[in-house]
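Single-structure report; data block below.
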Amino acid sequence: MTTRRESILARIRTNLTGTTNVGTRIYRSRVEPLARGELPALVVEPISDVCVQLTSAPSLDWTMTVRVAVIVRGDIPDQVADPIIESLHSKIMADLTCNGFAYDVQPTGVGFDLQEADQPSGVITCDFVVKYRTKVANLAQSP
Amino acid sequence: MALTEDLDIFLEDFGVTCTSGATTAQGILDMPSQVISDGMVLTTDFTLTARATAFGALVRGSSITVDGLTYTVRETMLIDDGNFVQLGIQRT
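These protein sequences, in sequence, are chains W and X.
The first sequence begins at 178 in this note's numbering and counts up by one.
The second sequence begins at 116 in this note's numbering and counts up by one.
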């Protein structure tokens with residue numbers, strides 16, 4: 178069985194297919210750096226996943242922070258990233274249940290890391306929280 | 116006795132021909148790879164070392180040809196006693 182966490186991450190990755198300007202360069206938790214010729218690109222990765230157990234119900238309520246990093250090159254990196262961010266945001270927010278695995282998705286913020294490089298580089302991080310539930314003893318099943 | 120330095124000797128062995136505007140001089144090009152942005156981006160740190168009298172006045176956006184390839188200046192930094200300059204450059 179696959180945990181709800183992994184199912185949600187995989188679904189978000191799938192939902193991002195067709196994001197403006199990134200082609201097939203959408204990666205799950207890629208840890209290798211991206212070269213100039215591989216950009217623009219998206220990297221989808223989990224940042225944290227915390228839970229609370231409600232004593233009145235035998236379930237765990239999870240809040241997972243998922244980051245979609247937009248990596249671009251260009252004279253004004255955040256400007257290059259703008260249409261990509263607009264596109265990915267609408268794709269993620271169009272499936273608030275992640276194909277039935279979650280009960281809500283909420284954007285929480287955007288971060289900008291702009292750096293000089295052989296061409297100006299930008300990593301713009303779009304963070305979302307995904308809320309979902311599992312059984313107490315089984316991370317693959319909903320209560 | 117005062118020591119007379121010939122600074123061009125520093126560039127003689129590894130220097131390549133560089134041209135910006137009407138100025139042509141020797142410079143040493145280094146291009147190590149570098150990982151930035153918390154490990155997410157792989158880049159090349161193009162750095163040109165040359166005589167300050169030749170290229171010390173270049174500013175961000177200036178064009179320079181190094182060994183036949185065109186680059187754009189990112190920043191110009193004097194080093195040591197100011198006789199040499201290091202140019203951060205990017206491929207145009």
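Cβ coordinates follow ideal geometry from the N, Cα and C atoms, glycine included.
Chain-order list of residues whose beta-carbon lies under 8 Å from that of X/Tyr186 (same chain, five-residue window excluded): Cβ contact annotation for X/Tyr186 (same chain, cutoff 8 Å, sequence separation greater than five): Phe161, Leu163, Ser178, Ile179, Thr180, Ile204, Gln205, Arg206, Thr207, in chain order.
C-alpha distance - W/Val247 paired with W/Thr302, whole-angstrom precision: Rounded to the nearest angstrom, the two C-alpha atoms are 6 Å apart.
Under 7 Å (Cβ pairs) to chain W, residues found in the segment 129 to 156 of chain X: Against chain W - using a Cβ distance shorter than 7 Å - the residues of the segment 129 to 156 of chain X are Val150, Ile151, Ser152, Gly154, Met155, Val156.
Continuous alpha helix (DSSP H) stretch holding W/Asp259: start and end: Annotation: the continuous alpha helix (DSSP H) that includes W/Asp259 extends over 254 to 270.
Residue nearest to W/Leu193 in terms of C-alpha spacing, selected from W/Val249, W/Glu263, W/Gly288, W/Glu293: Across the set W/Val249, W/Glu263, W/Gly288, W/Glu293, the C-alpha of W/Glu263 shows the shortest separation from the C-alpha of W/Leu193.
Neighbour-count burial assignment, X/Arg175, 16 or more Cβ in a 10 Å radius: Counting the other CB atoms within 10 Å of its CB gives X/Arg175 a total below 16, which places it among the exposed residues.
Top-ranked residue by Cα proximity to W/Leu186, from W/Pro217, W/Asp255, W/Gly214, W/Leu273: Nearest of W/Pro217, W/Asp255, W/Gly214, W/Leu273 to W/Leu186, Cα basis: W/Leu273.
W/Thr180 versus W/Gly299 - alpha carbon distance: The straight-line gap from Cα to Cα measures roughly 33 Å.
Neighbour-count burial assignment, W/Ile224, 16 or more Cβ in a 10 Å radius: With fewer than 16 Cβ atoms within 10 Å of its Cβ, W/Ile224 is classed as exposed.
Neighbouring residues, chain X, relative to W/Ile248 (Cβ below 8 Å): Within 8 Å Cβ-Cβ: Ser152, Met155, Val156.
X/Gln201 classed as buried or exposed, judged by whether at least 16 other C-beta atoms fall within 10 angstroms: Buried, since its Cβ has 16 or more Cβ neighbours within 10 Å.
Residues bridged to X/Gln208 [DSSP beta-bridge criterion]: Since the first and last residues shown for chain X are 116 and 207, residue 208 of chain X lies out of range.
Segment contact flag, the segment 274 to 293 of chain W with the segment 129 to 138 of chain X, C-beta cutoff 8 Å, min 3 pairs: Because the criterion of three Cβ pairs below 8 Å is not met, the segment 274 to 293 of chain W and the segment 129 to 138 of chain X do not touch.
Contact set between W/Pro210 and chain X, taken where Cβ atoms lie within less than 7 Å: Simply Val150, Gly154, Met155, Val156, Leu157.
Cβ neighbours of W/His266 in the same chain (closer than 8 Å, five flanking residues each side left out): Apart from the 5 residues on each side of it in sequence, W/His266 sits with its Cβ closer than 8 Å to the Cβ of Pro284, Cys303 in its chain, given in chain order.
N-terminal and C-terminal residue of the alpha helix (DSSP H) that X/Phe125 is part of: Going by DSSP, X/Phe125 is part of the alpha helix (DSSP H) stretching over 124 to 127.
Three-pair Cβ contact test at 8 Å for the segment 147 to 154 of chain X versus the segment 303 to 318 of chain W: The way I'd put it, the segment 147 to 154 of chain X doesn't touch the segment 303 to 318 of chain W; fewer than three beta-carbon pairs between them come closer than 8 Å.
Cutoff 8 Å: W/Glu263 Cβ touching any chain X Cβ: No, its Cβ sits nowhere closer than 8 Å to a Cβ of chain X.
Per DSSP, cross-strand counterpart(s) of W/Asp290: Partner residues in the beta bridge of W/Asp290, as assigned by DSSP, are W/Val300.
Distance between W/Leu216 and X/Ala169 (C-alpha atoms, nearest Å): Their backbone Cα atoms lie some 35 Å apart in a straight line.
Residues sharing a beta bridge with W/Met241, DSSP: Residue pairing by DSSP places W/Met241 opposite W/Asp226, W/Val307 in a beta bridge.
Among W/Ser184, W/Asp252, W/Asn276, the one whose alpha carbon lies nearest that of W/Asp295: That would be W/Asp252, whose Cα lies nearest to the Cα of W/Asp295.
Residue environment, W/Ile189, which counts as buried when at least 16 other CB atoms sit within 10 Å: In summary, W/Ile189 is buried, with 16 or more beta-carbon neighbours lying within 10 Å of its beta-carbon over all protein chains present.
Contact check, X/Thr191 vs X/Leu173, beta carbons under 8 Å: For X/Thr191 and X/Leu173, yes; Cβs fall inside 8 Å.
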